[in-house]
Structures are given as structure tokens and as C-alpha cells.
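All residue numbers for the sequence shown refer to this note's numbering, where the first residue is 1 and numbers rise by one.
Beta carbons: idealized from backbone N, C-alpha and C, even for Gly.
Just so you know, these numbers come straight off a predicted model, no measurement behind them.
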Amino acid sequence: MKGNKKWLALLVAGCMALPLAACGGEETVREVAYELPYYDGNYTEELDDPAKPAFNSELWRRADTTIDGGADPMVLDDTARSGYFYVYVTGFTYYYSKDLKTWQNGGSFVSLPADLSGSGDTWAPEVIYDEDTDLYYAFFTLNPPADAAYELESAPTYMPIVATSESAAGPFVPVTFDDRNLTYPQYYVKYCLFDNPSYIEAFERENLPDDTAWESIYTFDGGYVEGDEGWVRAIDFHPWVDPDTGEKYLYWSQTPGSIAGVKMDDWLTPDWSTYKTLTACGYYTMDDYVKAMNGETVETVYYEQIAAYCNEGPFMIKHNGKYYLTFSIGAYDQSSYGVMQAVSDSPLGPFRKLSDSENGMLINNDIGENPSAAGPGHHSFFTLNVNGTTKLIMAYHAHNMVNVYTGRHVQFDEVKWVTVKDINGNDLDVMHVNGPTVSVQPSFGYGSEYGDVSDAIESATLVHGGLAEGSSATDLADGLVSYYTVVSQPFEETYVKEAEATVTSTFEITLKEPTQVRGIMFYNSNNADTMFDRITDIAFICEEDGHEKIYYIEELLRNDNTSLVYDALNERYEVVYASSVYAEFAGINVKSIRFTLEVPEDQQSAAIQEVALVGKFSA
């Protein structure tokens with residue numbers, strides 16, 4: 001079926017009786033098996049890019065085919081009210097979808113008044129619905145046009161705005177604050193969410209080393225303006241409600257060096273007595289920052305020193321009583337842009353950035369060293385209820401091209417919680433993203449009867465062969481796809497392992513109950529030295545009309561177009577994150593699956609990261 005334009009029709013072709021080949025030198029698994037017609041995901045005829053072959057969107061997805069355009073994506077699940085998911089991006093553009101597959105461009109969702117028209121840097125909008133007021137609140141920043149009547153140094157830059165609407169689609173109209181004219185003479189300051197003197201006063205109440213600490217955090221591009229009418233650059237606002245207490249919080253980047261937060265009396269009124277600076281670029285804690293400012297030696301964050309620029313784009317998640325603050329580091333137009341995670345027992349800290357062994361870098365591009373996905377960052381999270389389970393999804397932007405910055409698009413990947421030992425030896429749940437992905441992945445399955453059914457797997461065992469030390473067959477079905485990167489390798493090697501065979505080996509996957517399966521995916525190794533060339537003798541042991549029936553696929557071959565990418569900068573090929581081989585076929589009622597992993601002749605071992613299944617959800 002490979003390369004056949006009519007592959008969809010062929011999936012329903014009749015099977016023929018054939019003997020099943022022996023697995024790894026064993027006795028024949030079954031006397032008779034039936035050849036299973038399939039599509040291997042490699043149809044490239046008439047396609048402009050052979051690295052992105054055609055796929056069936058009913059069963060599969062690809063991250064770069066969601067929203068072509070946009071940066072700083074924030075996802076609002078408005079399905080309970082309007083029936084749609086919304087994605088808001090920089091520039092006041094929004095997209096909407098019922099199924100997370102087909103997205104419509106809704107245009108601008110903000111209606112600026114005449115005296116703000118012509119504003120620039122309309123960045124990073126976030127929208128939240130408030131049940132108390134039955135209104136949607138949009139938070140964003142902009143640079144109003146200069147007021148010629150006043151000196152430029154007293155004009156605000158990156159002014160925080162809150163706008164309201166009765167609809168998630170807008171139009172959102174900025175709220176006015178009449179008291180702002182008492183402090184600032186410019187006409188447009190009445191739209192500013194923050195009363196800046198209150199902001200500065202709150203900051204100065206923090207336990208920082210001296211009067212210069214305020215300025216010292218803002219070391220890039222004049223983030224702080226001197227004088228009584230000085231203005232703080234504040235961007236990337238994130239409104240959040242504690243799901244257990246109902247309390248409202250607002251987080252933002254005190255650009256470019258830190259993340260700040262404050263409790264809100266309502267979405268228009270910050271309680272400045274609660275203000276906290278939560279992070280400082282390059283330091284694990286604010287205590288470390290204070291010590292460093294006082295001349296003490298402290299441990300610095302390795303990857304923030306390499307990709308040093310900012311802490312920006314905050315987002316908050318609460319999980320098992322802990323508060324997880326996530327944020328971007330680096331420069332948005334560089335491939336090294338990425339997302340970190342920090343943890344606290346309180347929504348306003350103190351927060352500790354997680355270490356390498358705790359997966360501190362949640363998603364990245366190997367500090368710019370791997371060209372398969374560039375600049376994954378500025379993100380949001382949302383949850384999906386699929387087939388009775390809740391999936392945590394990360395939306396983020398990535399560069400349109402890996403070697404040259406030409407703009408950004410929105411991508412989606414799934415997040416898993418992993419229990420690790422923290423720096424004190426205690427159990428701690430941390431997030432792990434199965435991404436960034438650029439290749440075909442199982443569909444989330446939202447709003448569909450088909451999607452990822454990998455949670456139907458009960459066990460994965462080694463039937464015949466041998467595994468490398470520290471490797472286990474259970475690594476095939478732990479739900480985690482590994483991303484061996486410079487900063488997270490200690491975490492990956494401990495908690496997100498590959499099943500590495502030292503000789504050609506046969507494995508068996510057993511399902512909890514017979515499940516209609518329509519596709520299988522084998523994730524290749526992320527290590528060029530352990531990549532497999534093919535998976536052979538794939539046998540599906542099925543139940544049909546109360547009887548056992550066996551289907552088989554002889555082999556699936558690695559496609560270098562989708563598993564390798566050329567690094568023009570270093571003139572070499574690199575492994576694509578989460579590359580795979582897969583087969584799609586007509587639905588069969590599967591009880592278990594056997595397959596053989598061959599070790600190439602020129603390698604000492606070969607590895608599979610994960611086995612995933614797509615199929616029909618249970619009723």
C-alpha cells in the first residue's frame with residue numbers, strides 16, 4: 001500500500017491467509033495469519049514537502065498544521081457557553097474551533113477607542129470568563145502613540161490594558177480608569193490597568209538589598225524609566241483563578257528580568273499589599289537573587305545563563321496542592337527559546353525553579369542545538385475530557401523555519417505528570433511535555449469516536465531477545481516520549497526511558513480488554529546510535545465473533561525524510577524529536593500485539609521509545 005494514492009480504499013480490502021513468520025527464531029506464533037492491508041504514512045506524490053506526507057486527520061494530527069500564524073497563543077475553552085475553543089494571539093487576532101482540528105480566523109477581537117488607535121506592540125492577549133459579572137476580560141499590553149504635548153521619557157511603554165466583552169469573540173473594549181488622570185497628564189493613561197506609583201511602592205516594600213534593586217532587575221532596553229513619573233514595562237499578563245479557593249490572581253512579566261504576581265479584589269482592582277516578585281532571570285529563587293545582589297555566591301540556572309534574556313509569558317497550574325508557575329526564557333526569535341517550570345506551596349510564592357533532574361526546562365530546543373523544532377515557547381495550558389479521561393494540553397508557538405526566523409505558528413502537544421525525587425529526596429510531581437513534535441502523532445480524539453487509545457494497554461513484555469542494562473519492556477507503554485536534551489537529560493534518563501534491545505528481540509503488548517484498533521505507531525530512538533531501521537512481524541491477535549483471529553504486517557521501514565533533518569549550520573543530520581513509523585488499517589478487535597525489533601548490522605543496539613495505538617473509544 002505504500003505510496004498508493006488510493007490507500008484509504010485499500011484499508012477495507014479483504015485479507016488473505018498466509019503463514020506468520022517466526023519471531024526472533026521462536027516457533028511460529030500462530031499457524032495461520034491474515035495479511036493486513038495498511039497505509040504506512042509515506043504517501044508523498046504531488047506533495048511539496050516529502051518530510052510532511054499525507055495523513056488521515058481522523059486518527060492522527062501534526063502540530064504544525066493547526067494554526068498557521070500567530071504568536072503567544074492563549075487557549076480559552078468556551079465550549080460550555082459558545083461551543084468553541086478560542087486561541088488568542090499577538091496582534092489581537094483570534095481563531096476558533098469546535099474540534100481542535102479545523103480552525104477559523106475570526107480577525108480582530110479588540111475594538112480600540114480613537115485615542116488609542118495607532119498603538120503598537122499589541123502583545124500577548126489572555127482572556128478569562130468571570131461568572132460573577134458574566135463578562136469576558138482580555139488582558140494585554142500596547143504602546144500608545146506618543147503625545148507630543150509631553151516629553152517622551154514620561155510616556156508609558158507596554159501599558160497594561162484590561163478590556164471587556166459579553167462574547168469570547170469580542171469586541172473587547174478597554175476599561176477606563178478616571179483616577180489615572182490625577183497622576184499622569186497624558187490622555188491615554190486613563191486606560192492603564194495599573195496605578196504606577198502604587199506598583200512601584202509595592203515593589204519597594206519587597207525585601208531587596210537596597211534602593212537600586214528596582215533598577216537592577218531592569219537591565220535590558222531601559223525597562224525602568226527614572227523620575228516621579230517613571231513607568232515599569234509590564235507585559236504578558238495572565239489572569240488566573242485558584243480552583244480551590246476561587247481567589248483571583250494576576251501574573252505578568254516585569255520585562256525582561258522577572259515574573260510578578262498580585263491578588264486581585266476583582267479583575268479591575270489589584271490588591272497591591274499582596275504584590276510579590278516571583279522570579280529573577282538566572283536564579284533559582286528570589287532569595288538567591290537577593291544574596292547575589294549582596295555579593296554572595298549562589299548557584300545560577302545554567303540554561304538561563306546560556307539563553308539569558310528574560311523570564312516572560314507566565315502561566316499557572318495547580319496540581320495536588322502545589323502551584324506550578326511556568327514561563328519562557330531566552331529571546332523569542334532564537335531557536336533556544338523555551339519554557340521553564342517552578343513550584344511553590346502558595347500562589348504568590350516563594351517559587352523555586354526546578355533543576356535539571358526535576359525537568360526544569362519543560363520544553364525547549366536543546367538550547368538551540370537541534371534544528372527539528374525552533375523556538376518553542378510562550379504557551380498556555382488547557383484540559384480536554386476525552387473518553388472519560390482528562391488530558392492536559394500545552395499550546396505554544398514555534399518558528400515557521402528552523403534555521404531562519406520568519407515568523408511563528410501555534411502548536412499543540414500533550415503534557416504528562418511524572419513523580420520524581422526532588423532536590424531534598426521527597427516525591428514531587430512535575431510536568432513532562434511529549435514535544436515539541438513536528439511529525440505525525442496520534443489524535444487527541446476530542447469530539448470524535450476515534451483517537452489515541454494507548455491507555456488501553458495493560459502490559460508490555462519481552463518475549464524473546466535481550467535488553468540493555470537499565471532498560472525494560474515497560475518503557476514501551478509508559479505514555480512518555482523522550483527528548484534527550486542538554487538541560488533535561490538527567491530527568492529523561494531516569495524517568496523517561498527507551499526500550500533498548502541489544503539483540504533482535506520480540507515484544508508483546510497486552511490490552512486490558514479487546515479494543516477496536518485502527519493504527520499503531522512505534523516511536524524511534526532520539527539517539528542516532530540506537531535508531532531502528534525497521535519493525536518486523538507485527539502480529540495482531542484479535543477476537544472476532546468469539547474466535548481468535550490473527551492479522552499481520554510483515555514490516556514497517558524507517559523513513560529518513562521524516563526521522564532526520566539536515567542541520568545546515570553544522571552541516572550534519574540530526575534526529576527529529578518523536579519521529580516514528582506507523583501503520584493505519586481498517587478496524588480490528590485487538591487483544592494483544594507481537595512485534596520484532598531488529599538491531600541493524602552496524603549498531604550494537606536499537607531502541608523504541610514508545611508504542612501508541614489509535615482506535616475507537618469505548619462507549
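Exercise. When you compare only the Cα positions, how much space is there between D179 and R81?
Worked result: Inter-residue distance for D179 and R81 is about 35 Å (C-alpha atoms, whole angstroms).
For this session: Consult DSSP for P376 and reduce its assignment to one of helix, strand or coil.
Result: coil
Exercise. Roughly how many whole angstroms lie between the Cα atoms of K497 and M74?
Worked result: 31 Å
For this session: Report the rounded CA-to-CA distance for I608 versus A477, giving the unit in angstroms.
Result: Distance between the alpha carbons of I608 and A477: 10 Å.
Exercise. Grouping DSSP H, G and I as helix and E and B as strand, with all else coil, what is S57?
Worked result: coil
For this session: Identify whether G295 lies in helix, strand or coil by the three-state DSSP scheme.
Result: coil
Exercise. How close, in whole Å, do the beta carbons of V415 and M401 come, if the pair is a contact with beta carbons under 8 Å?
Worked result: That belief does not hold up - the Cβ atoms of V415 and M401 are roughly 26 Å apart, past 8 Å.
Exercise. Measuring CB to CB, does P145 end up less than 8 Å from D242?
Worked result: No, these two residues do not count as a Cβ contact at 8 Å.
Exercise. In whole angstroms, what is the alpha-carbon distance linking L268 and L384?
Worked result: When rounded, the distance between both Cα atoms is 29 Å.
Exercise. With respect to the beta strand (DSSP E) encompassing E312, which residues constitute its N-terminal and C-terminal limits?
Worked result: N311 to H319
Problem set entry | Test item: CB-CB of T164 and F177 under 8 Å | No. Outside cutoff.
Problem set entry | Whole-angstrom distance between E555 and F140, CA atom to CA atom | 52 Å
Problem set entry | Identity of the residue in V453, G375, L428 and F55 nearest K322 by Cα | Cα-wise, what sits closest to K322 is L428.
Problem set entry | the stretch 598-616 touching the stretch 464-480, judged by at least three CB pairs closer than 8 Å | At 8 Å Cβ cutoff, the stretches touch.
For this session: Please confirm if the stretch 541-549 is in contact with the stretch 558-568, defined as three or more CB-CB distances below 8 Å between the two stretches.
Result: no
For this session: Assuming T274 contacts K263 (C-beta within less than 8 Å), just tell me the rounded distance between them.
Result: 4 Å
For this session: Could you pull the start and end residues of the alpha helix (DSSP H) that A202 belongs to?
Result: N196 to E204
For this session: Starting from the C-beta of Y249, find all residues in its chain whose C-beta is less than 8 Å away, skip the five residues before and the five after it, and write them out in chain order.
Result: Here the set comprises P239, W240, V241, D242, G261, V262, K263, M264, M316, P347 and L348.
Exercise. Given H409, which residues of its chain have a CB within under 7 Å of its CB, disregarding the five upstream and five downstream residues?
Worked result: D64, I67, D68, G69, G70, H397, A398 and N400
For this session: Say whether the stretch 113-129 touches the stretch 193-202, bearing in mind that this needs 3 or more beta-carbon pairs closer than 8 Å, one atom from each stretch.
Result: Output reads no: the stretch 193-202 does not touch the stretch 113-129.
For this session: Indicate the three-state DSSP secondary structure (helix, strand or coil) for Q186 in the structure shown.
Result: coil
Exercise. The alpha helix (DSSP H) spanning Q489 covers which residue range?
Worked result: Taken as a continuous stretch (DSSP letters only), the alpha helix (DSSP H) holding Q489 covers Q489 to Y495.
Exercise. Which ranges would you report for the beta strand (DSSP E) in the stretch 340-411 if only whole runs of at least 3 residues count?
Worked result: 361-363, 377-386 and 389-399
Exercise. So does the stretch 529-536 actually touch the stretch 326-345, counting three or more Cβ pairs closer than 8 Å?
Worked result: no
Exercise. Sorted by chain position, which residues of the same chain lie with C-beta nearer than 8 Å to S253's C-beta, five sequence neighbours on each side aside?
Worked result: Closer than 8 Å at the Cβ level, and outside the excluded window around S253, lie A234, I235, D236, I259, A260, C310, N311, E312, G313, P314 and F327.
Exercise. Which residues in the same chain as Y446 place their Cβ atom closer than 7 Å to its Cβ, once the five residues preceding and following it in sequence are excluded?
Worked result: D99, L100, L384 and V386
Exercise. Out of curiosity, what's the CA-to-CA distance linking A168 and D121?
Worked result: 22 Å
For this session: Can you grab the Cα-Cα spacing for the pair S357 / E46, in whole Å?
Result: 45 Å
Problem set entry | Distance cut-off 7 Å: I67 Cβ against heavy atoms of the ligand PLP | Ligands in the displayed structure: none, and consequently the ligand PLP is not present.
Problem set entry | Host alpha helix (DSSP H) of S563 (start-end) | D560 to S563
Problem set entry | E498 (DSSP reduced to helix, strand or coil) | coil
Exercise. Does the Cβ of Y566 have 16 or more other Cβ atoms within 10 Å, making it buried, or fewer, making it exposed?
Worked result: So Y566 counts as exposed.
Exercise. From the DSSP output, which residues share a beta bridge with L556?
Worked result: I535
Exercise. Considering only C-alpha positions, which residue in the set G83, E449 and D77 is nearest to F382?
Worked result: D77
For this session: With a cut-off of 8 Å on the beta carbons, I'd call V481 and I367 a contact; round off their distance for me.
Result: With a Cβ gap of about 20 Å, V481 and I367 do not count as contacting.
Problem set entry | Rounded distance between the beta-carbons of Y495 and S580, thought under 8 Å | Going by Cβ atoms, the distance from S580 to Y495 rounds to 21 Å, so no, they are not a contact pair.
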